[in-house]
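A short worksheet on the structure shown next.
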Amino acid sequence: MIKKIPWAQPLIGKEELLEIKDCFKNDRFTQGDKVKKFEKYLSKITNSKYVVAVSNGTVALDLAYKVLGLKQNDEVILPALSYISTASAISYQGAIPVFIDVNKENNCIDVTKIEKAISKKTKAISFIDYGGNPAHHKEIKQISKKYGIPIIHDAAQSLGAFLNNKPLGANGDISTMSFHMAKVMTTIEGGAIFTNNFRFYKKLLVLRNIGEGPIKYNHILLGTNARMTELQAGFGLAQLKKLNFILKQRKRVAKLYDSKFKKVKNIAKFKIFKNAKHANFFYPVMIPNRDSIAKKLKKIYGIDTRIAYPKPIYKQDMYAKNKLKFKKLKCKNTEEISKKILNLPIYPQMKNNEIDYVAKALINLVK
Ligand SMILES: Cc1ncc(COP(=O)(O)O)c(C=O)c1O
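Sequential numbering from 10 applies to the sequence shown in my numbering.
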């Protein structure tokens, strides 16, 4: 019998329901104590001075660039292989994404290419920790310092990851996260912005609230409505209490896959750098005939997977065809990885026999 195995599944239960009921009991659904509590909790676990909870990870990035004051034709350097929002938030400002390659070792921004992409117009460097696997943060910071260019760290996939025993949170001048349904921890839809800069923080609070200053109906900045609801924050509070358990279970799944694929010829994996702790948001493998294998996994075995991401962002129609402005360096690794990468199912409640089932199916198909 064909099993049905999703690629992701949030761990949601009565704890979340209790928080939602609490919103009804308090008759408070937006701009209340739960959002503040959620921000405080996030600040503690990520070592970030200031946290601003918002409605999703895309708007978090948009506000990050608005805080920097990114303008038309300014340039931002970013990896060509990421979720679209890493780039679209730059384009929202009329600015120019400058795509550079990822490295082959862990599929994060290739730090040896950043300096080549810097111009007089470069106003930020952005990067992600692919699938929760920490990028070369130290090297990126050194370049940022050398040229005085701020970092917008798109940490959408990074919650729970560590580098040199420090949690990934306010690692850039501004970092942003997503708490979308499939992420390590979820508020269903949601996100947050992290910074240690008080001036940025004050500006973010205004931008999140449609630019409204301290006086009601007085709008001092061009902001948007990016507010997180009490329902979302309540959900997040329940999830954060389980975060360690969730991360442990994700690690269990990843380790079991690792042991199954150790000696399999056609399954390649990325490296985890020394001093890095993976959050195991994705479990990526690189395989030949990826598209046909992904289809067979679904059709024959009922296994759902994700191709993240199927092409470099500059090949997305919004850039390639619709003439949104962009620049790029040569992205050989990105081109290659996007043809081979496949993310296998990973979620905390995944049973060992299900991991075994997925591993056997994949091994069988790559033979
Ligand atoms: C790297 C990256 N950036 C940004 C986002 C956008 O977050 P959201 O879906 O919450 O808008 C995501 C979400 O998938 C992501 O993975």
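Don't be surprised by glycine CBs; every beta carbon is placed ideally from N, CA and C.
Item to check | When 148, 12, 245, 97 are compared against residue 117, the one with the closest alpha-carbon | outcome: 148
Checklist entry - Cβ-heavy atom distance between residue 137 and ligand 1 below 7 Å? => result yes
Item to check | Cβ neighbours of residue 269 in the same chain (closer than 6 Å, five flanking residues each side left out) | outcome: Non-local beta-carbon contacts of residue 269 in its own chain, meaning distances under 6 Å to residues more than five positions away in sequence, involve 368 in chain order.
Checklist entry - Smallest Cα separation from residue 43: which of 55, 62, 260? => result 62
Checklist entry - Around the C-beta of residue 123, are 16 or more other C-beta atoms found within 10 angstroms, so that it is buried, or is it exposed? => result buried
Next on the checklist: Is the beta carbon of residue 200 closer than 8 Å to that of residue 186?
Outcome noted: In terms of Cβ geometry, residue 186 and residue 200 form a close pair [threshold 8 Å].
Checklist entry - For the beta strand (DSSP E) that contains residue 201, what are its first and last residues? => result For residue 201, the enclosing beta strand (DSSP E) begins and ends at 200–204.
Item to check | Cβ neighbour criterion (16 or more within 10 Å) applied to residue 300 | outcome: exposed
Item to check | Exposure label - residue 35; buried when at least 16 CB within 10 Å | outcome: exposed
Checklist entry - With DSSP run on the structure shown, which of helix, strand or coil describes residue 208? => result helix
Next on the checklist: Taking DSSP's pairing of strands, which residues face residue 176 in a bridge?
Outcome noted: Under DSSP, residue 176 takes part in a beta bridge, and its partners are 171.
Checklist entry - What do you get for residue 169, buried or exposed, if any count of 16 or more other CB atoms within 10 angstroms of its CB means buried? => result buried
Checklist entry - From residue 370 to residue 229, what does the alpha carbon distance come to, in whole angstroms? => result 57 Å
Item to check | C-alpha distance - residue 174 paired with residue 309, whole-angstrom precision | outcome: 42 Å
Next on the checklist: For ligand 1, is there any heavy atom lying closer than 7 Å to the beta carbon of residue 165?
Outcome noted: yes
Next on the checklist: Counting C-beta neighbours from all protein chains within 10 Å, is the total for residue 297 16 or more, i.e. buried, or is it exposed?
Outcome noted: exposed
Checklist entry - Cα-Cα, which of 240, 263, 307 is closest to residue 358? => result 263
Checklist entry - What three-state label does DSSP hand residue 367 in the structure shown? => result helix
Checklist entry - Any heavy atom of ligand 1 within a distance shorter than 7 Å of the CB on residue 70? => result For ligand 1, at least one heavy atom lies less than 7 Å from the Cβ of residue 70.
Item to check | Near ligand 1: residue 115 beta-carbon under 7 Å from a heavy atom | outcome: Residue 115 has its CB no nearer than 7 Å to any heavy atom of ligand 1.
Item to check | Best match in 209, 240, 245 for proximity to residue 31 [C-alpha to C-alpha] | outcome: Nearest option by C-alpha distance: 240.
Checklist entry - Quick one: does the C-beta of residue 366 sit closer than 7 Å to a heavy atom of ligand 1? => result No, since every heavy atom of ligand 1 falls outside the 7 Å radius drawn around the Cβ of residue 366.
Item to check | Within 8 Å, strictly: CB atoms of residue 90 and residue 346 | outcome: yes
Next on the checklist: Taking only three categories from DSSP, how would you classify residue 186?
Outcome noted: strand
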